[in-house]
Every structure is written in C-alpha cells, then in structure tokens.
Amino acid sequence: MWKVLLEQYSQKGTRPKVLVVDDQPINIRILNDVLADQFEVLMATNGERALEQARSQKPDLILLDIVMPGMDGYEVCRRLKAEPLTDLIPVIFVTSQTETEVEAQGFEVGAVDFISKPVNPAIVRARVTTQLTLKLYMDNMRDIAWIDGLTGLHNRRRFDEMLHSYWDQCLREARPVALMMMDVDFFKRYNDQYGHQAGDECLYRIAMAIKQSLRRPMDMCFRYGGEEFACLLPFTELDGSCQRAEAILQAVRQLAIPHQASDTAPFVTLSIGVDCQIPTAGTNWETLLHNADSALYQSKALGRNRWTSFEHHADKKG
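Residues in the sequence shown are numbered from 1 upward in steps of one, following the UniProt record's numbering.
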C-alpha cells in the first residue's frame, strides 16, 4: 500500500504533505525521522501556527498533539473542521493519553485516528498511509463531483457549497467576503465566428488566466455556467477584490485572443461585477450573489470590458 500510494502521488508530480504539530521539538524530530524520506514534512509547535500552516500549505494529513499550552489539540481540530479551506484535511491525534474518554472526545471533534506515544515507526507509517490512501480516493471522487471537465475549475455545484460555507464562516468571524461574477463578452458571436472547438479552447485559456490571477489558497474560481465564471474571495475588503478584478481583466486582455465579431475590442474581453459584504444575522448569501450579478449587468450596460462594484465606488475601462 505504501508504494502504491507514493506512485499515485508521483503521477500528480508531488509528494504527500504531512503537518506535524507538537509543542515538544523532540517529538517533531522523531516523527520527521520516520516520515521525511517519503513525505514532505511540515512542522508547527503551537495551535495558531498549525492553523496558519494548514491554511497556507494545504497539507494532505495532520499529526496533532493533544496537550499543548494555549490552544490544545482538540481546539485546533475544531477550528480546522469549521473552516472551508481546511475541513477536509484528515487529523490523527498523537498522544500519550490512553483513556477511552480522550479518544471519544478526539473523534467527536473530527479526528480520524489515534497514534500512541511513544510512537512505533511501523504503526505511524501504516496509519499515515491508510489515511492518505483514503484521502486520495475521496479527493478523486470529489474531483468528479466538483470539477468542470472543460476548464478544470470548480463547477457550479462546488460554487453553491463554498458560497454557503464562506458566508457562514465570515458571519461567525464578522469578516468580509467578496464575490466576482464574470462573463465573456459576445461569446456567442465568438462561437459562431470561430467554431465551438475554438470556443472551448478560448474558455480554457480564460479560466487559466483567472486562476493564475488569484494569489491566496483560500481564493477560489469557478465555471459558473456556459461563458460565465465566478471568484469567491473570503476575508477580502472591496478595494482588494476590485484590485483582483482589474488583474483578471488585464490577464485576459494579455491573452490577445482575436475576436473580430466583438463590438468592444478586436480581442476577447470580460465584464465583471464585484460585491463585498460583511455577513450579519439580518442578511444572507443571496444578497451577495444578487449584488454581484447586478454589478455585472452594469458593466455590460457601460460598454463591457470592465469591472464595476455594486456600490458604484469604482468602475474602470482599459
């Protein structure tokens, strides 16, 4: 199973990432010695740093100590499972505590397994391999359900799920969430002029330009439907989301895909609508979606090839 797992990751051009979290450096070193020859091992010595690493590095598995000063392992696991960016990362608790109640509480907060201290290298490898194999299988199943076959972006189903999840998280934390809705200008004419195969290639290139314009792991882009795309930017103010919208416009323009049938430009362009909300008990995600859609239609009414924010604070045409 070990070799099969590594071969599957090798086909993806990567090694599995394992985040080891323990307040005792000696324990981290022991686990690193067990795993480093086959895995990319990340390390954290406290709960806050573990959360930061999980968000930024997206490990495939977390080995987590329970008893730590400040934020203990239970709380770290709770927070991981409450965030859309980290909730699917499997967590194995590594602990010297053997009481049944400890295990029960661990499973209750979302752990998938336990490893006892002092660790046995063979047991560590076996349990890590089992969980990584399960995760790889589940990731493949999720890709089938969540990934758009043409562009490789997340699909509409995943958009609906993440819009709900990010809205709920930002509601709990009283933080902003931004949404960009995008439409390829005069795309039906493009298909009529150049053919559907060229149209598919055009959509793929635009999708890659959008994806590469996003900077943070938590920012997500989607094929919303047809020639429509969307981006969700959690923890992002209006100014920051408008800057990303401008970056996306520029990236698509730089593709310089010819479009002789466009009334806007001799190349393919986008129109973008932007909105940003801090969720409150009196609002819901439908407001964000409606506002971003309204801003998109305003961009089209103003001549296309631009972004517009719902609040009308800014609109820009190149």
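In this text, a Cβ means the ideal position worked out from N, Cα and C, and glycines have one as well.
Quiz item: Rounded to a whole number of angstroms, what is the C-alpha to C-alpha distance between Leu63 and Met180?
Solution: If you number the sequence shown from 1, residue 63 lands on position 63. If you number the sequence shown from 1, residue 180 lands on position 180. Going from the Cα of Leu63 to the Cα of Met180 covers about 36 angstroms.
Self-check item: Given Asp200 as reference, the closest of Gly226, Phe222 and Met182 once Cα atoms are compared
Solution: Position 200 of the sequence shown, counted from the start, is the residue given in the question as residue 200. Minimum Cα distance to Asp200 is reached at Gly226.
Quiz item: Beta-carbon separation of Ser299 and Ile272 under 8 angstroms?
Solution: The residue you call residue 299 lines up with position 299 of the sequence shown. The residue you call residue 272 lines up with position 272 of the sequence shown. Going by C-beta atoms, Ser299 is nearer than 8 angstroms to Ile272.
Practice problem: Note down, in chain order, each residue of its chain lying with its Cβ closer than 7 angstroms to the Cβ of Glu83, except the 5 sequence neighbours on either side. | Solution: Here residue 83 is taken as the residue at index 83 of the sequence shown, counted from 1. Excluding residues within five positions, the ones whose Cβ falls inside 7 angstroms are Gln169.
Exercise. Any chance you could list the alpha helix (DSSP H) runs of at least 4 consecutive residues sitting entirely within the segment 184-265, in chain order?
Key: 187-194, 196-213 and 238-255
Quiz item: Under the three-state reduction of DSSP, which class applies to Met68: helix, strand or coil?
Solution: Here residue 68 refers to the residue found at position 68 of the sequence shown. Reduced to three states, the DSSP call for Met68 is coil.
Practice problem: Can you tell me which of Trp285, Gly70, Cys202 and His290 puts its alpha carbon nearest to the alpha carbon of Leu270? | Solution: As a first step, residue 270 is located in the sequence shown; it is residue number 270 there, counting from the start. If we check each option's Cα against that of Leu270, Cys202 comes out closest.
Quiz item: Can you give the Cα-Cα distance for Asn46 and Glu311, rounded to whole angstroms?
Solution: For this step, residue 46 is matched to residue 46 along the sequence shown. For this step, residue 311 is matched to residue 311 along the sequence shown. Straight-line Cα distance between these residues: approximately 41 angstroms.
Exercise. My understanding is that Val18 touches Val128, with C-beta atoms under 8 angstroms, so please give their C-beta distance in whole angstroms.
Key: By one-based count along the sequence shown, residue 18 stands at place 18. By one-based count along the sequence shown, residue 128 stands at place 128. Right, the Cβ-Cβ distance comes to about 7 angstroms (below 8 angstroms), so this counts as a contact.
Quiz item: Any idea what DSSP makes of Ser96, helix, strand or coil?
Solution: For this step, residue 96 is matched to residue 96 along the sequence shown. Coil at Ser96, not helix or strand.
Practice problem: Would you mind reading off the limits of the alpha helix (DSSP H) that contains Leu80? | Solution: Translated into positions along the sequence shown, residue 80 becomes position 80. Taken as a continuous stretch (DSSP letters only), the alpha helix (DSSP H) holding Leu80 covers Gly73 to Ala82.
Practice problem: Determine the extent of the beta strand (DSSP E) in which Glu40 is found, giving its start and end residues. | Solution: As a first step, residue 40 is located in the sequence shown; it is residue number 40 there, counting from the start. Element bounds for Glu40: Glu40 to Ala44.
Self-check item: Rounded Cβ spacing between Pro59 and Leu85 (contact assumed at less than 8 angstroms)
Solution: Working through the sequence shown from its first residue, we reach residue 59 at position 59. Working through the sequence shown from its first residue, we reach residue 85 at position 85. Contact doesn't hold; Cβ gap of about 12 angstroms is too wide.
Practice problem: Answer with buried or exposed for Gln24, where buried requires no fewer than 16 other C-beta atoms within 10 angstroms of its C-beta. | Solution: Here residue 24 corresponds to residue number 24 of the sequence shown, with the count starting at 1. Burial call: exposed.
Exercise. Please work out which residues of its chain come closer than 6 angstroms, Cβ to Cβ, to Gln57, disregarding the five sequence neighbours upstream and downstream, and give them in chain order.
Key: Translated into the one-based positions of the sequence shown, residue 57 becomes position 57. Excluding residues within five positions, the ones whose Cβ falls inside 6 angstroms are Leu42.
Quiz item: So which of Ile28, Asn27 and Phe39 has the shortest CA-CA distance to Tyr9?
Solution: The count along the sequence shown starts at 1 and reaches residue 9 at position 9. When only C-alpha atoms are compared, the closest one is Phe39.
Quiz item: Is the number of C-beta pairs between the segment 272-283 and the segment 208-218 that are closer than 8 angstroms three or more?
Solution: no
Quiz item: Going by the beta-carbon positions, is the gap between Val102 and Lys81 smaller than 8 angstroms?
Solution: Position 102 of the sequence shown, counted from the start, is the residue given in the question as residue 102. Position 81 of the sequence shown, counted from the start, is the residue given in the question as residue 81. Contact: no.
Practice problem: Within its chain, find whatever has a CB closer than 7 angstroms to the CB of Arg304; leave out the 5 residues flanking it on each side and keep chain order. | Solution: As a working mapping, residue 304 is identified with position 304 in the sequence shown. Result list for Arg304: Asp185, Thr264, Thr269 and Ser271, in chain order.
Quiz prompt | Run of the alpha helix (DSSP H) containing Thr129, from where it starts to where it stops | solution = Here the question's residue 129 lines up with position 129 in the sequence shown. Thr129 -> alpha helix (DSSP H) spans Pro121 to Trp146.
Self-check item: Beta carbon of Ile89 nearer than 8 angstroms to that of Ala54
Solution: Here residue 89 corresponds to residue number 89 of the sequence shown, with the count starting at 1. Here residue 54 corresponds to residue number 54 of the sequence shown, with the count starting at 1. Ala54 is positioned such that its CB atom lies closer than 8 angstroms to that of Ile89.
Quiz item: Counting Cβ pairs, one atom from each stretch, are 3 or more of them under 8 angstroms apart for the segment 250-264 and the segment 282-290?
Solution: no
Quiz item: What are the partner residues of Ala178, as DSSP defines its beta bridges?
Solution: Locating residue 178 in the sequence shown gives position 178, where the first residue counts as 1. DSSP, once it has assigned bridges, lists Leu233 and Cys276 as partnering Ala178.
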